[in-house]
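Participant: Numbering-wise (our numbering), the sequence shown opens with residue 20 and increments by one.
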Amino acid sequence: MRPRTFCEGCTSPGGPAAADDHRVPDRAAVRLRQESTRNLLDDWKRLRDLERELVMRALHEAGGTQTRAAVSLGLTPRQFAYKMKKYRIIKEFRIEG
């Protein structure tokens, strides 16, 4: 039987059932948690990229009009402006003449 290792400063007055709640995780569990965290971060990055692409596409389809782009995405103009700022999307202004 493997000896039990407890987290620092932990005592187990409740017996074996309570002791199992405070065992130090083994290396496999730590690796699994790290891999899970990496996958979660990759998912967040893909979600951000997707949202940025949607904002840019809506702006392009609305001919550069932020209000129309916002409505097409179901956002208020203020929310849309926030997303443009968040993703550093700069609207180009062209002055002809």
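Even for Gly, the Cβ is constructed at its ideal location relative to N, Cα and C.
Do Ala77 and Leu66 come within 7 Å of each other at the CB atom, strictly closer than that value?
Facilitator: Not closer than 7 Å, so no.
Participant: Is Lys110 helix, strand or coil when you go by DSSP?
Facilitator: In this structure, Lys110 counts as coil in the three-state DSSP scheme.
Participant: Just how far apart, CA to CA, sit Tyr101 and Val90?
Facilitator: Roughly 14 Å between the two C-alpha positions.
Participant: Taking all protein chains shown into account, decide if Gln88 is buried (16 or more other Cβ within 10 angstroms of its Cβ) or exposed.
Facilitator: Residue 88 is actually Ala in this sequence, not Gln. By the 10 Å Cβ count, Ala88 comes out buried.
Participant: From the DSSP output, in three-state form, read off Thr86 for me.
Facilitator: Correct three-state label for Thr86: helix.
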